[in-house]
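What follows is the structure, encoded as structure tokens:
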């Protein structure tokens, strides 16, 4: 056993039927639990990528509130039509604007407050930079070389009071911001620290292909990318993809107030990083086949990138926090083998302890007893539960793809399949939400964007 | 270490991934996925696009042999196929990272299924053309001992030239093959397959492809797939209501359709060759125009080569029709007929000569488009024609082709020569005088815009010229190549002026 990481493998069934007609599809659960190191905080190098587009700088109001304020402004002649972030809208001016400012909040203000809050909790060995973007991007605070919280707070205040002075524009052009963040992460990186870029946005990125291309540079430097989507109008599929590809996390903040919690959670996870550059590999032995694998804990996700090599299937997991279990569910096809204990797979986990340049590797042989007994072993409740949860995740994904293809019937069927599975595992509330989603789709009702995003985020967290 | 990426529920090679074992391909994107294999668009090192088929490793290891058999079967089929314009060529096979790969030419274009989904009804001319070509491609396969077994619109790609190309040999067999598994597609499967499957003994036969071709023809004609209701189970033929729906179609085409889709496999055509032959006898004519567009390129208003478009009949009967052009600058002719804006033709292979008159086009330097309409029994085909008239180069005209100068020793003599640019481009003109010392031209250079005239002065200096007769040549060289010249004769006299006049008069009388 390693001193950094406990590795456990739990087969779906304790035994496999040796008879030729038996089902050979099975699962393995690989559980990675870093050994706790109380009180040890790993230095973090953060780069916040903050969307400062027009919509982030608008007040966040409910439809009722908008109507009330609009009536008031109209009555006073203080309503003005404008275009921001390629969307038409109205702004309040004069006394109405002043009164609104005193009572309502803008997403960018809440995001900036959240950044200040987490920056305030950073230690001297940490660093943080801030890249803001709209139509253009700018490193508004460069803490990579020399980090000073006070200076960073001043810059954030300046950004809030007079964002126009930074000439960022109203759009959501992210690629340049990512490129600047990559430079910041590269500049700040030291052997013992954990790097992370954190994207906070509320809009649909206008340059997704170029952004993904430049994210590769950031990723190549070993920096994970965490994404936080705010509100209803961002492209959650794009943000999930970025996070999943880089080994970062994706969070959904229904309103700006949830942002602070997510940001705090993310920084806390990073600060207790127990293993870095974690890589998981599995190889089928004796003609066994690795069909697919999913991360199931702490979140459920399919690996965006998988490397295959001479029978090995390899994935990258990034950093593992010390306070969390990370589990992978491996779908396998097993061959016909004679009675007795059979070596069906070998798995390998590699990682680097923080502050160390030395890579460690652990191998495990997975053996499963093949038995002629007609009574098949009961599945492990833990693995079976996670299989169902992954099935919900797959059904949700397939519903999404069906919707993208315009196939409403298939999308509805897949949502109902998710509902059934959720009821089976006792997730009644989420099941009810899925059912409402299916009903709305069936009725061709307007999409409840907030619910869609909530369902996707909740589905990913089913394994927690 | 090949990187794979998740494409929805598929894990496949990532874009940009090289195939180092063969060292020749780079993955562009995933273009298709089936039960047994995925297909990528890949780029070979010489830039050619290829379709790379990767056979899956089965999820159940007990199916390893089946999957390997499928790969070997398809490889054997591809090896049998040579080169045909309507079937993509087989390039090579290799193993990489424990998987089998087959490489074929990549055919750009959309599938027939996509075309049918987009277009409510296909024009009958195109239906006939595609039916004939699909049959030709199937005949080619059958002649090479290959039965496709999964002909359907999804497996037919309309290539850039508009030709239907048959893809996916994943279900193909050789005649007489017996197998227990059959991988075809519902809606295009011959009815006898069900019985054979029930017996667990399926015999590969060309008739199976014929039924699928009939279904495709049906779908092209009616815009929907045939259903069980369309066929009378007693007679095994298409039913009355459907025939009424087909009543406005060409009867020969409908007759071929009925026979191809017959449930009675003995009544059905026994192979694509029979079906093609019947189409070429009973069916309508199908005109193919080669080339299908006329490009005159850049012409300057002077001579150019006429273009020939051949109208060839690929179907039945004889082509009868007319060719019409509406534009003043175009004329057409067929053998035995004068060149006109409209000519009639008859025959199975008719050369249509297309002539352009660039001098009837005012625009210069822009591509001018016109349509040539070729109408025959089945409808009208439009051939786009294009020409770009470029301005004529500078062309010089001189006021004299020859010049005579006479002077006495120690005197000077001058003559003026006018030069005009009758071309359509301005040009710098060099004036060069070749002759004895003492004769010159000024200026040495001119610039003449289109239709502009200039003048040069030829001067002879009697002090520097010897007494007697001299010959000289004045040449004008326009930038761009055109030249003009004036021959000069010069007599220098030393005697009395009267004597000179007498000699001059004698010369004039000789010239006249």
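Protein chains in written order, with our numbering: chain W, -15 to 448; chain Z, 157 to 668.
We put the CB at the ideal spot given by N, CA and C, even for glycine.
| Item | Value |
| --- | --- |
| Entirely enclosed beta strand (DSSP E) segments - the segment 285 to 358 of chain Z, minimum 3 residues | 312 to 314 and 320 to 322 |
| Stretch pair the segment 217 to 227 of chain Z + the segment 236 to 243 of chain Z: three plus CB contacts closer than 8 Å | no |
| Best match in 192(W), 436(W) and 40(W) for proximity to residue 420(W) [C-alpha to C-alpha] | 436(W) |
| The segment 469 to 480 of chain Z / the segment 440 to 460 of chain Z touching (three or more Cβ pairs under 8 Å) | yes |
| Short CB-CB distance (under 8 Å) between residue 290(W) and chain Z | yes |
| Beta-carbon proximity check, residue 313(W) vs residue 371(W), cutoff 8 Å | yes |
| In chain order, each beta strand (DSSP E) run of at least 3 residues that lies wholly inside the segment 267 to 333 of chain W | 273 to 281, 289 to 293, 296 to 305 and 310 to 317 |
| Residue 402(W) versus residue 435(Z): straight-line alpha-carbon distance, rounded | 53 Å |
| One or two residues paired with residue 245(Z) in a DSSP bridge | Answer by DSSP bridge pairing: none, since residue 245(Z) is not bridged. |
| N-terminal and C-terminal residue of the alpha helix (DSSP H) that residue 607(Z) is part of | Looking at the DSSP string, residue 607(Z) is not in any alpha helix (DSSP H), and its letter there is neither H nor E. |
| Run of the beta strand (DSSP E) containing residue 498(Z), from where it starts to where it stops | 498 to 503 |
| Residue 167(Z) and residue 290(W) closer than 8 Å at C-beta | yes |
| Residue of 320(W), 300(W), 78(W) and 189(W) minimising C-alpha distance to residue 334(W) | 300(W) |
| Residues near residue 570(Z) in its chain [Cβ-Cβ closer than 8 Å; skip 5 each side] | 613, 614, 615 and 616 |
| First and last residue of the uninterrupted beta strand (DSSP E) at residue 177(W) | Note, residue 177(W): premise wrong, no beta strand (DSSP E); not H, not E. |
| Local conformation of residue 136(W) per DSSP, three classes | helix |
| Closest residue to residue 272(W) among 219(Z), 201(Z) and 160(Z) (Cα-Cα distance) | 219(Z) |
| Status (buried if at least 16 other CB within 10 Å, exposed otherwise) for residue 377(W) | buried |
| Proximity below 8 Å, CB of residue 304(Z) to CB of residue 325(Z) | yes |
| Beta-carbon proximity of residue 648(Z) to residue 618(Z), cut-off 8 Å | yes |
| Chain W contacts from the segment 225 to 255 of chain Z (Cβ-Cβ distance under 7 Å) | 253 and 254 |
| Neighbour list for residue 170(Z) in chain W, Cβ cutoff strictly below 8 Å | 289 |
| N- and C-terminal bounds of the beta strand (DSSP E) containing residue 577(Z) | 568 to 577 |
| Below-8 Å beta-carbon distance, residue 273(Z) vs any chain W residue | no |
| Chain W residues whose Cβ lies nearer than 9 Å to that of residue 158(Z) | 291, 292 and 293 |
| Local Cβ density within 10 Å of residue 704(Z), reported as buried at 16 or more and exposed below that | Outside the shown range of chain Z, which is 157 to 668, sits residue 704(Z), and nothing can be said about it. |
| Contact set between residue 454(W) and chain Z, taken where Cβ atoms lie within less than 8 Å | There is no way to answer for residue 454(W), as the model of chain W reaches only from -15 to 448. |
| Pair within 8 Å by beta-carbon distance, residue 244(W) and residue 218(W) | no |
| Among 198(Z), 164(Z) and 254(Z), nearest to residue 296(W) - alpha-carbon criterion | 254(Z) |
| Buried/exposed call for residue 388(W), threshold 16 Cβ in 10 Å | exposed |
| Three-state secondary structure (DSSP) of residue 565(Z) | coil |
| Cutoff 8 Å: residue 350(W) Cβ touching any chain Z Cβ | no |
| Cβ shell of residue 93(W) (< 7 Å), same chain only, five flanking positions each side left out | 144 |
| Three-pair Cβ contact test at 8 Å for the segment 585 to 594 of chain Z versus the segment 628 to 642 of chain Z | yes |
| Secondary structure, beta strand (DSSP E): runs of 3+ residues fully inside the segment 451 to 516 of chain Z | 463 to 469, 475 to 481, 486 to 489, 498 to 503 and 505 to 512 |
| Per-residue contacts from residue 187(Z) into chain W (C-beta, under 9 Å) | Those within 9 Å of residue 187(Z) in chain W number zero; the least Cβ separation is about 16 Å. |
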